[in-house]
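Below is one structure; the comments refer to it alone.
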Amino acid sequence: MTRMEALFLALAGVTIVGATGLAGAQTRPAPAAAAAPSGEALFLGKCGYCHLEGGTGTMMLERRLGKGKALLGKRTDLPADYVKAVARNGLNSMPTITRVEVTDAELDRIAAFIASKKKAGGK
Ligand code: HEC
Numbered sequence: 408m409t410r411m412e413a414l415f416l417a418l419a420g421v422t423i424v425g426a427t428g429l430a431g432a433q434t435r436p437a438p439a440a441a442a443a444p445s446g447e448a449l450f451l452g453k454c455g456y457c458h459l460e461g462g463t464g465t466m467m468l469e470r471r472l473g474k475g476k477a478l479l480g481k482r483t484d485l486p487a488d489y490v491k492a493v494a495r496n497g498l499n500s501m502p503t504i505t506r507v508e509v510t511d512a513e514l515d516r517i518a519a520f521i522a523s524k525k526k527a528g529g530k
């Protein structure tokens, strides 16, 4: 794991703790939460098929928004709520991702992983 990836994972963890309203945000997540797949791992497993290099999502986003916005995992402009809305409703040629394919808890972690770059990137 690179240092940047570790940073993203750490930020995603902070976001999840904040979103669930747990007191004592400085404490580490409960062991159960820590053992769950990370937002990044879920993104690679559930979205990577289309959103990594060469995927249809990457190609369509490049066509519509340009090369700088093609790779979803590198975007710094996407809020978590937008990511979740697109996943549940679909967008143009992106199909709806059902709760059977990706649970709400998993989608929360994926969206937090993508949105963590927004905060880290400062824009
Ligand atoms: C079967 C292929 C496929 C899978 C799987 C897929 N996507 Fe997509 N996604 C697309 C395509 C194609 C687009 C481009 C739609 C367009 O703009 O025409 C897209 C676009 C998006 C966008 C819009 C980005 C923007 O700038 O507007 C988001 C957000 C997104 N996908 C999130 C996800 C997430 C999160 C997952 C995993 C849970 C996922 N996608 C899985 C094909 C896929």
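Residue numbers 408 to 530, in the working numbering, belong to the letters of the sequence shown in order. Even glycine gets a Cβ: it sits at the ideal position worked out from N, Cα and C.
Using beta-carbon positions only, say whether residue i and residue j come within less than 9 angstroms of one another.
i	j	result
ARG471	ILE521	no
CYS454	ILE517	yes
MET467	SER500	yes
LEU498	GLY480	no
LEU478	THR465	yes
VAL509	LEU451	no
Ignore the nearest five residues each way along the sequence and tell me which others in residue i's own chain have a CB closer than 7 angstroms to its CB.
i	result
LEU514	LYS491 and ALA494
ALA512	none
Identify the residues that DSSP records as bridge partners of residue i: which are they?
i	result
MET467	For MET467, which the question treats as bridged, DSSP gives no partner whatsoever.
LEU498	MET501
Counting only the same chain and skipping the five closest in sequence on each side, list residues whose C-beta sits under 8 angstroms from that of residue i.
i	result
LYS476	LEU468, GLU469, ARG482 and ASP484
ASN496	THR503
For residue i, which residues of its own chain have a beta-carbon under 6 angstroms away from its beta-carbon, when the five flanking residues on both sides are left out?
i	result
ILE504	ALA494
ALA443	none
VAL421	Below a pLDDT of 50, predicted positions are generally treated as unreliable, and VAL421, at 48, falls in that range; the measurement from the model is reported next regardless. Excluding sequence neighbours, VAL421 sits near nothing in its chain.
ARG506	none
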